[in-house]
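Q: The structure is given below, and queries will be raised subsequently.
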Amino acid sequence: MLLPVIMAGGTGSRLWPMSRELHPKQFLRLHSIHSMLQETLKRLDGVGVSEPVVICNEDHRFMVAEQLRQIDMLSHNIILEPVGRNTAPAIALAALNAIAQGNDPIMLVLAADHIINDVEAFHRAIDLALPHAAAKSLVTFGIVPTGPETGYGYIQRGECKNGSVAAPVQRFVEKPDSETAQSYIETGEYFWNSGMFMFRAKRYLEELEKFRPDILAACRDALNNTECDKNFINVDRDAFSACPDDSVDYAVMEKTHDAVVIPLDAGWSDVGSWSALWEVSKKDSAGNALTGDTFLYDSRDCYINTDEKLVAAVGVENLVIVNTKDAVLVVDRSKVQDVKKIVEHLKKNKRSEYRRHREVYRPWGRCDILVAEKRFNVNRITVNPGEAFSLQMHHHRAEHWVVLSGTARVTTGDKTFLITENQSTFIPVAVIHRLENPGNIPLELIEIQSGSYLGDDDVIRIKDHYGRC
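Just so you know, we're using the working numbering here: the sequence shown kicks off at 15 and counts up by one.
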């Protein structure tokens, strides 16, 4: 059985305003009804795989857990990185964790934020790679190029032997300029570097120990002091922070003599920009890719994605228009690489829009910030069935809760009681309290916070189901 290892780190800014630091593109529903992480896992249906391992940043842990729960794949299978250290250490953590359980699986390493339109071709490539990985080769998947792309690294293949589709890797090369990229395409010897791999866990660690023993030692130390709870494997922060930062390409694949490349021609995209998403999206007869409530007249070759509000466009061409609850992006498709300039501006001016959406996810559900003023906030709260706030108190703010639907179990001081639809309660300043959803449907309510200070650091947690005390 294959062990899928899904790399779900990263906080890219190229798909702002939908992608934010606390909600990057791998958690977005950009190409289907599922998020890109969920699509990556569901793409493996029909392949003989074991339960996946997902590696992610601590900041994203509850979002990952919720998305795995939604597709019935949550089973103590999330490894948390306390700090980002690139792909070579992340894969080492997954390999060491598998071996600690008495296994030496063939690992299929995938990024959580890629699109693959031809799933059958993807499965065929996996089948072709399996015997090579079983024979101790380190397999990478090379994307059959459709043009002289300058945004990807390239893999040069050597000569195939005995009629095999797999070829030895001759070299990895960095992102080229346009002239060099064109020369690569003309030779027919180059693939785009997909960042997807297959190899045995022990075989990878053998090569890592040969070329980067410092990375392997740090990862071993980090896993020797793990803390485990229901869903997460927490590695030691200090040990992992001391680990060098390096990609699997630099650390192992460029140095090993046992790398082979399998061609993959499956409608692949790493969705590195809004224009790249337009290219792989379904379009109408005028070349427009539309998501959400839209109306277009006399408009061509646009990408429009809107959350809730109607977007209407007349007489425009080659535009990207993205509407979220708290921001609107309008950019020419030829200028989408400059979206990062917006994010840089937001960071410099300490605006929240670079980091989080108006609607934020919590381990118990989500919170949509409807109004944010200096002395009061109005939030729409959704608490998932069986979930609960921390037992907590606030020094500076009071709270009013109005139930819209569902049933709430409320604790205030030494009292516990139920409130239902159209009922409300008041939480005074400095009173210990908790909100729970004991029902089988989501609990929806309006929360009004008021007081002299409303910051998140005024949440004093006393007990918490999610390890946040």
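Idealized CB from N, CA, C, for every residue including glycine.
Is it right to say A149 is buried, meaning 16 or more other beta carbons lie within 10 angstroms of its own, or is it exposed?
A: Here the question's residue 149 lines up with position 135 in the sequence shown. A149 is exposed by the Cβ-count criterion.
Q: Please return the same chain residues whose Cβ sits closer than 8 Å to the Cβ of M87, not counting the five positions on each side in sequence.
A: Against the sequence shown, residue 87 aligns to sequence position 73. Closer than 8 Å at Cβ, skipping near neighbours: L55, E65 and P66.
Q: According to DSSP, is I92 helix, strand or coil?
A: The residue labelled residue 92 in the question sits at position 78 within the sequence shown. DSSP places I92 in strand when its eight states are reduced to three.
Q: Which residue or residues does DSSP assign as beta-bridge partners of E458?
A: Counting from one through the sequence shown, the residue named residue 458 turns up at place 444. Bridge partners of E458: T396 and S419.
Q: At the level of alpha carbons, what is the spacing between K355 and M267?
A: On the sequence shown, residue 355 is found 341 positions in, with the first residue counted as 1. On the sequence shown, residue 267 is found 253 positions in, with the first residue counted as 1. Going from the Cα of K355 to the Cα of M267 covers about 33 Å.
Q: Assuming Q40 and D127 make a contact with CB atoms under 8 Å, what is their CB distance in whole Å?
A: Stepping through the sequence shown from its first residue, residue 40 is reached at position 26. Stepping through the sequence shown from its first residue, residue 127 is reached at position 113. Between D127 and Q40 the Cβ distance is about 4 Å, and since that is below 8 Å, they are a contact.
Q: Going by beta-carbon coordinates alone, are A195 and T154 separated by less than 9 Å?
A: Residue numbering aside, residue 195 sits at position 181 when the sequence shown is read from its first letter. Residue numbering aside, residue 154 sits at position 140 when the sequence shown is read from its first letter. Cβ atoms of A195 and T154: not closer than 9 Å.
Q: Let me make sure I understand the geometry here. Which of M212, I105, A108 and E200 has the alpha-carbon closest to that of G156?
A: Locating residue 156 in the sequence shown gives position 142, counting from the first residue. Minimum Cα distance to G156 is reached at M212.
Q: Spell out a yes or no on whether the stretch 217-228 and the stretch 82-98 are touching, meaning 3 or more CB-CB pairs, one atom from each, closer than 8 Å.
A: Judged by Cβ distances under 8 Å, the stretch 217-228 makes no contact with the stretch 82-98, as fewer than three pairs qualify.
Q: Among the candidates H90, L107 and N91, whose CA atom is the shortest distance from the CA of G98?
A: Position 84 of the sequence shown, counted from the start, is the residue given in the question as residue 98. Looking at the Cα atoms, L107 is the closest of the given residues.
Q: Where does the unbroken alpha helix (DSSP H) through M267 begin, and where does it stop?
A: Locating residue 267 in the sequence shown gives position 253, counting from the first residue. M267 -> no alpha helix (DSSP H), and no H or E assigned at all.
Q: Please confirm if the stretch 164-176 is in contact with the stretch 116-124, defined as three or more CB-CB distances below 8 Å between the two stretches.
A: Not touching, per the Cβ criterion.
Q: Less than 6 Å between C-beta atoms, sequence neighbours within five positions excluded: which residues of the same chain meet that for C300?
A: Locating residue 300 in the sequence shown gives position 286, counting from the first residue. Residue 300 is actually Ala in this sequence, not Cys. Result list for A300: R314, in chain order.
Q: What did DSSP end up calling W282 once you bin it into helix, strand or coil?
A: The residue labelled residue 282 in the question sits at position 268 within the sequence shown. If DSSP states are grouped into helix, strand and coil, W282 belongs with the strands.
Q: Please state whether DSSP places S197 in a helix, a strand or coil.
A: Position 183 of the sequence shown holds residue 197. Three-state result, S197: helix.
Q: By the 10 Å Cβ neighbour count, where 16 or more other Cβ atoms means buried, how is D321 classified, buried or exposed?
A: By 1-based counting over the sequence shown, the position of residue 321 is 307. That one is buried.
Q: Could you spell out where the alpha helix (DSSP H) holding K39 opens and where it closes?
A: Working through the sequence shown from its first residue, we reach residue 39 at position 25. Per DSSP, K39 belongs to no alpha helix (DSSP H) and is neither H nor E.
Q: Could you spell out where the beta strand (DSSP E) holding H447 opens and where it closes?
A: As a position in the sequence shown, residue 447 is number 433, starting the count at 1. Unbroken beta strand (DSSP E) run through H447: H447 to E450.
Q: Between R370 and H37, how many whole angstroms is the CB-CB distance? I'm expecting something under 8 Å.
A: Here the question's residue 370 lines up with position 356 in the sequence shown. Here the question's residue 37 lines up with position 23 in the sequence shown. Going by Cβ atoms, the distance from R370 to H37 rounds to 7 Å, so yes, they are a contact pair.
Q: Going by alpha carbons, who is nearest to E458 out of N398, H479 and R376?
A: Here residue 458 refers to the residue found at position 444 when the sequence shown is read from its first residue. Selected option, being the one with the closest Cα: N398.
Q: Report buried or exposed for S27, applying the criterion of at least 16 other Cβ atoms within 10 angstroms of its Cβ.
A: Locating residue 27 in the sequence shown gives position 13, where the first residue counts as 1. Buried, because 16 or more other Cβ atoms sit within 10 Å of the Cβ of S27.
Q: Can you have a look at T101 and say buried or exposed, based on whether 16 or more other CB atoms are within 10 angstroms of its CB?
A: Your numbering for residue 101 matches position 87 in the sequence shown. It counts as buried.
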